[in-house]
Amino acid sequence: MRNKNGEEDFIILVRVYFVDDKLVELTNGDAYCRESDRPRKLTDAEKQEVRINKGERAFELEPCPLEWPDDFRQNIIDRFVKTVRDARDGSDEIDRIDILEAMRLGKVREGKFVPNNVCALMFAKDPQQVFPGSYVHFLRYVGNEEKSGKEYNVIKDRMIQGSLLDVIKDAAATIDANLREFTEFRHGKFYSVPEYPHDAWYELLVNACVHRSYHAKTQPIFVKLFDDRLVISNPGTFMPSINPDNFIHKPRNPFLMFVLREYGEVRCISEGTKRIRRELQNAKLPPISYLESPSSVTATMYNDIVNRTNTLDSEAYKILGEAISFSIDLEERKIINYLAENHKINVSQALRILSTADWHTAKNRLHRLAKRGILDFVTPKDRDPNAHYRLAQKKQ
Numbered sequence: 004m005r006n007k008n009g010e011e012d013f014i015i016l017v018r019v020y021f022v023d024d025k026l027v028e029l030t031n032g033d034a035y036c037r038e039s040d041r042p043r044k045l046t047d048a049e050k051q052e053v054r055i056n057k058g059e060r061a062f063e064l065e066p067c068p069l070e071w072p073d074d075f076r077q078n079i080i081d082r083f084v085k086t087v088r089d090a091r092d093g094s095d096e097i098d099r100i101d102i103l104e105a106m107r108l109g110k111v112r113e114g115k116f117v118p119n120n121v122c123a124l125m126f127a128k129d130p131q132q133v134f135p136g137s138y139v140h141f142l143r144y145v146g147n148e149e150k151s152g153k154e155y156n157v158i159k160d161r162m163i164q165g166s167l168l169d170v171i172k173d174a175a176a177t178i179d180a181n182l183r184e185f186t187e188f189r190h191g192k193f194y195s196v197p198e199y200p201h202d203a204w205y206e207l208l209v210n211a212c213v214h215r216s217y218h219a220k221t222q223p224i225f226v227k228l229f230d231d232r233l234v235i236s237n238p239g240t241f242m243p244s245i246n247p248d249n250f251i252h253k254p255r256n257p258f259l260m261f262v263l264r265e266y267g268e269v270r271c272i273s274e275g276t277k278r279i280r281r282e283l284q285n286a287k288l289p290p291i292s293y294l295e296s297p298s299s300v301t302a303t304m305y306n307d308i309v310n311r312t313n314t315l316d317s318e319a320y321k322i323l324g325e326a327i328s329f330s331i332d333l334e335e336r337k338i339i340n341y342l343a344e345n346h347k348i349n350v351s352q353a354l355r356i357l358s359t360a361d362w363h364t365a366k367n368r369l370h371r372l373a374k375r376g377i378l379d380f381v382t383p384k385d386r387d388p389n390a391h392y393r394l395a396q397k398k399q
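Numbering-wise (my numbering), the sequence shown opens with residue 4 and increments by one.
Next up, the structure:
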């Protein structure tokens, strides 16, 4: 072959196989990853993260700096030990330290029990001493966008800390308290339905807590609740060979999972992701959207309220009453749900959600709802570009 100068030349073709069980380094210790069309040298912290992800380094089993027994919740540990004994029909004569060792929560060294990182996450009085970012930061927004400055739209901001089980329990309670309820029409009756299936969002939360990178010690999990979606973002990328289309059982923190299994939070058989998919399908909601960045994975669950034509926001249902709710058609439900979420609507916005592309048809839909007293038309003058409709409030 010839090169660009027309001279005889040759190409060297090299095939490099992926190594899935250890970090590949040069003889000088350097390691690289590919970003776009060029290689990038990994930092020492990034190299350690790769070693953990590939199972070369058992970060979970490394000793934690906390003091045993003073820095640990011994009453919780006693209950855990009893749970393990009962599940295996074990004798009370088996020493609690032997059980903790068997559950890979630490090692006896020179006659003293030395707890590891899993033990700290599960049973420490203050796990954040070891992992400052081992908490969930919950944020509730008004609207569908994340704004800042004068338009800052966070109405609830809570940092949920404690042991891993406490974080899961308290974060779940916080999410549950902030989710809306919808009223669904089927078989001639209205039924209350959740904004998102409980098992789906709860499994997503547990996955974030269990599969996150704890080597990224200062980075928390973010849970952001918008009017149209629930977003959960956790530190750490997908494990090698894992992607949204191929969720196989390859946990980043297998020893943490073994302990959580005793509490029934995980099953270690990839059952959770299947349950999420099934619950969303049964609720006729879109599948979860996953986005991977160089340092995190973000999962987004949509409530698809605008397209839930047989469903009304429960607040809108209360305003309308059952008689009117029965009388509105599928297209009108789209308008009502949009208003429940965004509080106002104009003709251009209605065109985006209705099945028609005709401006006058959309205008007439809004006008008829206003004429029936379901909507209020809001405008201070005859020709007003800011004119809009809103849900009519009940007359006192």
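The C-beta atom is built at its ideal place from N, Cα and C for all residues, glycine as well. Keep in mind the model is a prediction, meaning the values are calculated, not measured.
Of the residues Asn119, Ser296, Arg91 and Leu228, the one whose Cα lies closest to the Cα of Glu104 is Asn119. Judged by DSSP secondary structure, Thr364 falls within the alpha helix (DSSP H) whose first and last residues are Trp362 to Lys374. According to the DSSP secondary-structure assignment, Ile163 is paired through a beta bridge with Val139.
Secondary structure of Phe241 (DSSP, three-state): coil. For Val84, the three-state secondary structure derived from DSSP is helix. Contact annotation, Pro223 with Gly136: C-beta distance approximately 5 Å; criterion of less than 8 Å satisfied. Within the segment 106-130, the runs of alpha helix (DSSP H) at least 4 residues long that lie entirely inside it are, in chain order, 120-126. Looking at the backbone, the Cα of Ile100 and that of Pro200 are separated by about 40 Å. Collapsing the DSSP output to three states places Tyr217 in coil.
As a beta-bridge residue in DSSP terms, Val196 pairs with Phe185.
Assigned with DSSP and collapsed to three states, Ser358 falls in coil, not helix or strand. Taking a cut-off of 8 Å on C-beta distances, the segment 253-263 touches the segment 202-218, as three or more cross pairs fall below it.
Non-local C-beta neighbours of Phe62 in its own chain, meaning closer than 6 Å and more than five positions away in sequence, comprise Ile55 and His218, ordered along the chain.
For Glu49, the uninterrupted alpha helix (DSSP H) segment begins and ends at Asp47 to Asn56. If you compare the alpha carbons of Trp71, Ser94 and Leu124 with that of Lys110, the shortest gap goes to Trp71.
Boundaries cannot be given for Val133, as no beta strand (DSSP E) includes it and DSSP labels it neither H nor E. Note on Ser166: 16 or more other CB atoms within 10 angstroms of its CB, so buried under the neighbour-count rule. Spanning the alpha carbons of Pro68 and Asn285 requires a straight line of approximately 47 Å. In this structure, Val157 and Leu142 form a Cβ contact; the two beta carbons are roughly 5 Å apart against a cut-off of 8 Å.
Between the segment 374-393 and the segment 333-349, the count of C-beta pairs closer than 8 Å reaches three or more; the two stretches touch. In the three-state DSSP reduction, Ser299 falls in the strand class (E or B). With 16 or more other Cβ atoms from the protein chains shown falling within 10 Å of its own Cβ, Tyr144 counts as buried. Annotation for Lys227: Leu142 and Val234 place their beta carbon closer than 6 Å to its own, counting only its chain and skipping 5 residues before and after. Relative to Ala395, the option among Ile14, Gly324, Ser244 and Arg386 whose CA is nearest is Gly324. Val139 is the residue among Val139, Leu378, Asn210 and Ser195 whose C-alpha sits nearest the C-alpha of Ile178. In this structure, DSSP gives Glu344 a helical state, which the three-state scheme calls helix. Only residues of its own chain outside the window of five on either side were considered, and among them Glu38 and Thr240 have a CB closer than 8 Å to the CB of Pro297, listed in chain order.
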